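A.B. asks: There's a structure below that I have some questions on.
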Amino acid sequence: MRFIYNCFGGSHSSVTAAGIHLGLLPDTRVASKEELLSLPYYDAQVSRDHGRIRFMGFDESGCEVYIASKKNMEAGYERSMRAFWDLVDGNQDKVAFIDTMPYVNIFMMIGGFMSRRCGLNRLGRAIVLFGTRQSYYKFIHLVNLVKSRLKCDAPEDSSQ
Amino acid sequence: MKIIFIDQLGCYAAVLAACCRAGIIGADPTIREICSLPNFAAHKDLSVGRLYYIGTDRTGAQLYTLGAGGEGRLMSVSIKDLLKIQEIKEAVCLVDVSKYNALLTRLCWRVSIIPVFKPAAVYLAACQLKKGMSALSKYVTTQMDKMIKFD
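In structure tokens form, the structure reads like this:
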């Protein structure tokens, strides 16, 4: 099973949710700024990376966790990917697309825009970190939902 | 091999490009021919992510069209990455023809959602696409040539 967390730029909300999923971030308290900044790809993606599916790690069940950016495609991203997936494989249970955009607040949007688009890294990063910490429990809730609702089929060799 | 032509809704320039590749139409089709192409203007709303099967070309490759909103490049990148992740060996060729849907064509598909205006909007879109058909046909040929050389 592969989990692909996706958001607008693949820099903040998807990375945070993937970090919680993988245990890189705490799931009982709000992560500190240092913990968030130490995540791979956090506030690091640029426009030419849009669309890239980045590997984040293996979770405790051996499932692969990825992040992706989809810009303004909203639900169309998952629909397109699933339509394509149907064509080449057909087994829709192998991959789960998780949209993290509903949990993105205005601070994350403004901070992300300033940091990634306008190049105002220090100010934008401070705002986006504040926003991420504001929505942090929502991301924890999302990850818990994903883990509980989607049956995680670990690869055979990883359990040995 | 599968060849997927991508445009915003998967049923305008992408259909023309796929039909051109399949040999259903030539480089200078009539408007009536364009309007009668399979899946041309087949959308009922503006939602993206629909995949349409068009046919096969002379090499036996299956031709599809995919609607990817305005993000053809992003979808191409994502699809290529997904193929790598899942270790799928099947050859898939993605051709983004979104830029051949002109402003008027994009306006027409919005209008065509209203059933009363659909025939007129489809006809207008076909007229607009016919204007750019020679460029589209050339683009498809060069992209395919590049792909064959690359393989």
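Residue numbers (the working numbering), protein chains in the order written: chain A, 11 to 170; chain B, 0 to 150. Just so it is clear, CB atoms sit at the ideal spot from N, CA and C, and this is done for glycine as well. Computed from a predicted structure; not experimentally measured.
Can you tell me where the alpha helix (DSSP H) holding Cys217 (chain B) begins and where it ends?
C.D. replies: An answer regarding residue 217 (chain B) cannot be provided, because it is not within the stretch 0 to 150 covered by chain B.
A.B. asks: Establish whether the CB of Arg202 (chain A) and some CB of chain B are separated by less than 7 Å.
C.D. replies: This structure does not reach residue 202 (chain A), given that chain A is present from 11 up to 170, and the question cannot be answered.
A.B. asks: Counting C-beta neighbours from all protein chains within 10 Å, is the total for Thr64 (chain B) 16 or more, i.e. buried, or is it exposed?
C.D. replies: buried
A.B. asks: On a Cα-Cα basis, can you pick out the residue from B:Lys1, B:Arg105, B:Met132 that is closest to Leu8 (chain B)?
C.D. replies: B:Arg105
A.B. asks: Taking just the CA atoms, how far does Gly69 (chain B) sit from Ser71 (chain A)?
C.D. replies: 37 Å
A.B. asks: Contact check, Met91 (chain A) vs Ser77 (chain B) under 8 Å by CB: the rounded distance?
C.D. replies: With 8 Å as the limit, Met91 (chain A) and Ser77 (chain B) qualify as a contact, their Cβ atoms being about 6 Å apart.
A.B. asks: Closer than 7 Å, CB to CB, is Ala80 (chain B) near chain A or not?
C.D. replies: Just to set this straight, residue 80 (chain B) is Asp in the shown sequence, not Ala. By the rule that beta-carbons nearer than 7 Å mark a contact, Asp80 (chain B) touches chain A.
A.B. asks: For the putative contact between Leu35 (chain A) and Thr26 (chain A), defined by C-beta atoms under 8 Å, what is the C-beta separation to the nearest angstrom?
C.D. replies: 7 Å
A.B. asks: List the whole-angstrom C-beta distance separating Ile30 (chain B) from Cys126 (chain B), where the pair is believed to meet the contact cut-off of C-beta under 8 Å.
C.D. replies: 6 Å
A.B. asks: Using C-beta distances below 6 Å, list every residue in its chain close to Lys80 (chain A), excluding the 5 sequence neighbours before and after it, in chain order.
C.D. replies: Asn16, Tyr87
A.B. asks: Whole angstroms are fine: how far does the CA of Gln85 (chain B) sit from the CA of His60 (chain A)?
C.D. replies: 19 Å
A.B. asks: Taking Cβ-Cβ distances shorter than 9 Å, what residues in chain A pair up with Arg72 (chain B)?
C.D. replies: His60, Gly61
A.B. asks: Does the beta carbon of Glu86 (chain B) come closer than 7 Å to any beta carbon on chain A?
C.D. replies: Among the residues facing chain A, Glu86 (chain B) is not included, as its CB has no counterpart in that chain under 7 Å away.
A.B. asks: Output yes if chain A places a C-beta closer than 7 Å to the C-beta of Val76 (chain B); else output no.
C.D. replies: yes
A.B. asks: Measuring only the C-alpha atoms, how far is Pro28 (chain B) from Phe94 (chain A)?
C.D. replies: Going from the Cα of Pro28 (chain B) to the Cα of Phe94 (chain A) covers about 29 Å.
A.B. asks: Can you list the residues of chain A that Ser46 (chain B) reaches, using a CB-CB cut of under 9 Å?
C.D. replies: Ala85, Gly86, Arg89
A.B. asks: What's the gap between the Cα of Asp80 (chain B) and the Cα of Val94 (chain B)?
C.D. replies: 16 Å
A.B. asks: Less than 7 Å between the beta carbons of Gly8 (chain A) and His22 (chain A), yes or no?
C.D. replies: Residue 8 (chain A) lies beyond the residue range present for chain A, which begins at 11 and ends at 170; the question has no answer from this structure.
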